[in-house]
Each structure stands twice: as C-alpha cells, then as structure tokens.
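In the working numbering, the protein residues as written are 5 to 364. Backbone N, C-alpha and C define an ideal beta-carbon position, used for all residues, glycine too.
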Ligand code: SF4
Ligand code: SF4
C-alpha cells in the first residue's frame, strides 16, 4: 500500500460512484460528478469559509449513512454542510421527497420576493430565477402583504434592494473575509432581519464591490451599471490589466463598443474565481484600459450560453415573444402566466409579433 496517500471514501450519489477525501461534503462530492447530480446552492459559496447551511436549497436524502452503519438518515440533510462517510449512499434528483421539498423551499424563498424580474439588473444571471425555474412550482399560495423596508443608501457604487434579499449571508462573509473592514451585516431577527449598516454608512472598502458578484439575487447591484441593459443583450469578454491591488483578471460586458460593466470571473458554479478591486470594477470602463483575451466561457444556467433569449435592441418585443415560445418548448406542463411577458399591458401584448414569425 502506498504511504502518505489519504484513504479515499467511496460515495454513491444518484447511482454514480465517486471517490473523495475525508472531510469532503456531499455537495462537493456531487460537484465532482457534475451536471444536475450536484444539488442547487443559494447560500453556499465555496470560496467563502463558513458559508452554507442557511437556505436549504441543497437538501438531499442520505439513503445509507456509511458502509459501517448503512441505516438511512431520518430527515433530509443540507448537503453543503454534511461531510461524506465511506460507503454513503445519497439521493438527489432521483428522490421524489427531495424534489417535492425543493418546491417548498422555492415557494418559501419567494414568499416575500417582489415580482421585479422585468426591471431587475440580475435577471438572466439570477440564481433564484434558475432555482425557481428548475425546481419550483408555477404558482404560489401566498396572499399576505410582502415585507417592505426603509431604503438605505450604502454608498456610491452599490445599490441595496432589501426586498430581493434572501438572507444568504454571502455578502457578510465576503466583507468579513475579503475586505479589512465590514460595516454591514444582518440586523434584526426573524421576519425583521435585514441587510443594513448599523448607522447610515457607505460600504467603501477597496474590495467591497465583490458583494455584488456573490449576491445570488438582485439585492446588491452595481450602481454604475443600473438599468443600462439586459444581460442577454451584452457580450462578455475576458480581459486583464496590470493592477497593483488585485489580480486584474476580469470579465468586461460590452454593449456594442461600450464597456457597460466589469465583473470578476466566475466558474461553472457561478462562483467568483478571483475577487477584484473597486478600481478595476468601477473605474476602468475603457477598452484601452484592458488587454483583451477573448470571449468569456459562460457559466451554466446563463441565458446567454443557453441561448434562450435572442433579441434585437431595435425590436426588443421580438426577444420577449421568442422567449415565451421557447419557454413552452422547454416544459409544456408549466403555466406560462408566470412569464414576465404577461405583465405587459394587454393591448401591448396583442401588438407583439407572432413567436412563429421568422427572425427579422
Ligand atoms: S433577484 Fe432574481 S428573481 Fe428576484 S427580481 Fe431579481 S431577477 Fe427576479
Ligand atoms: S444582500 Fe444578497 S448576498 Fe447579502 S444576504 Fe442578501 S441575498 Fe445574500
């Protein structure tokens, strides 16, 4: 037997075996297999220590605890914080109880969530949209008033929309671990909990802009990019610069010849690979500031890579109508009344070109 080689654990997830090191979580083991064997994650964020265990999106069934003790675990467990055991058998997409529970989690996350997608900068790259589309019900039973909050100005670069926040704590961990001064956090408890600063303060550290990238929803958005475009009309390009503060490796988001946004690069799990500084993010918006590397490989779940939306900026209604037709093609069982297009006034909806018309 080879010395110094750690003993590996064999885990079976949705019938697929994988070998991982002790201490690996179920979620990380599932990501090693990849694809939709990996449970969804709204609060877990691998680069952030301590993240996970808040949103319950990644619940799975442990059908056998280990080779030594093959009894099933009595309740579903959060895969992002549960370490694997040798011989563990896990069911994710293959277990109906897991799928039914996820529908409930989506409904729960959306209880107080506004119907903002048509005007939300996160639309098209929103983890909550993807989660709701892939795992949710097309209806809600919620009839109460949604929560509202006093508006807080947290500085010149970052816009806080508290009504969209799902209290995942990612931005709090980011400020704790990436910046040297955290001035914001979760105030209050229960349904009074909110992201805010203790007294009206700007979030202005050199790396504070990273909270925008880690936010899974549109609760923290870039004020310099606000309402400039929809992400599926933009063209992402990898670029770098010699930056004294960060790695300088970014994604530039073009509209025509104009750089309308700069973000950190993300991996296939929509997680930042290297955090970037505010100078690169907010102040370098000229192509001449950057060395262009080439088109960005778009992460999974993106409407850009999935090509679900195509649009012509001169005829934006065409993109909407096409999206509606493709939605039906994706899943005929869903109620298309959930589509944002239904929020158009009826008379405007009637004027939209037919989805079957040839692309102009
Ligand atoms: S955060 Fe996501 S789900 Fe919520 S309004 Fe914005 S795009 Fe829609
Ligand atoms: S603002 Fe965004 S990142 Fe922060 S807790 Fe809310 S959803 Fe999470």
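Residue i burial status per 10 Å Cβ neighbour count (16 or more: buried)
i           : result
residue 256 : buried
residue 292 : exposed
residue 319 : The predicted position of residue 319 is uncertain, since its pLDDT is 48 and thus under 50; a value taken from the coordinates is nonetheless stated next. Exposed, by the Cβ-count rule.
residue 72  : exposed
residue 24  : buried
residue 63  : buried
residue 115 : exposed
residue 38  : exposed
residue 282 : buried
residue 56  : buried
residue 149 : exposed
residue 123 : exposed
residue 300 : buried
residue 145 : exposed
Short Cβ contact (8 angstroms threshold) for residue i with residue j
i           : j           : result
residue 184 : residue 279 : no
residue 70  : residue 90  : yes
residue 18  : residue 95  : yes
residue 187 : residue 167 : no
residue 29  : residue 85  : yes
residue 242 : residue 297 : yes
residue 15  : residue 33  : yes
residue 65  : residue 80  : yes
residue 239 : residue 266 : no
residue 135 : residue 61  : yes
residue 197 : residue 158 : no
residue 44  : residue 139 : yes
residue 165 : residue 222 : yes
residue 106 : residue 273 : no
residue 230 : residue 125 : yes
residue 227 : residue 162 : yes
residue 249 : residue 210 : yes
Reduced DSSP secondary structure (H/G/I, E/B, other) of residue i
i           : result
residue 243 : strand
residue 158 : coil
residue 249 : coil
residue 28  : coil
residue 43  : coil
residue 115 : coil
residue 85  : coil
residue 65  : strand
residue 107 : helix
residue 257 : strand
residue 343 : Bear in mind that the predicted position of residue 343 carries a pLDDT of just 47, short of 50, making it unreliable; the figure below should be weighed with that in mind. Coil at residue 343, not helix or strand.
residue 37  : helix
residue 136 : helix
residue 122 : helix
residue 365 : The displayed coordinates of the chain run from 5 to 364. Any statement about residue 365 would go beyond what the structure contains.
residue 266 : strand
residue 212 : coil
residue 194 : helix
residue 229 : coil
residue 8   : coil
residue 290 : coil
residue 50  : coil
residue 13  : strand
residue 235 : helix
residue 22  : strand
Residue i beta carbon near ligand 1 (any heavy atom closer than 7 angstroms)
i           : result
residue 168 : yes
residue 163 : no
residue 47  : no
residue 90  : no
residue 156 : no
residue 215 : no
residue 139 : no
residue 121 : yes
residue 117 : yes
Residue i beta carbon near ligand 2 (any heavy atom closer than 7 angstroms)
i           : result
residue 174 : yes
residue 221 : yes
residue 199 : yes
residue 224 : yes
residue 276 : no
residue 187 : no
residue 110 : no
residue 171 : yes
Meets three-Cβ-pair contact criterion under 8 angstroms: the region 166-174 and the region 213-228 | For the pair of segments examined, the region 166-174 was found to touch the region 213-228: the number of CB pairs separated by less than 8 angstroms reaches three.
Do the region 260-277 and the region 46-53 touch if we need at least three Cβ pairs shorter than 8 angstroms?
-> In the pairwise beta carbon analysis, the region 260-277 is classified as touching the region 46-53: at least three pairs are separated by under 8 angstroms.
Decide yes or no for the touch test of the region 122-134 against the region 222-237: beta carbon pairs closer than 8 angstroms, at least 3 of them.
-> Judged by Cβ distances under 8 angstroms, the region 122-134 makes contact with the region 222-237, as three or more pairs qualify.
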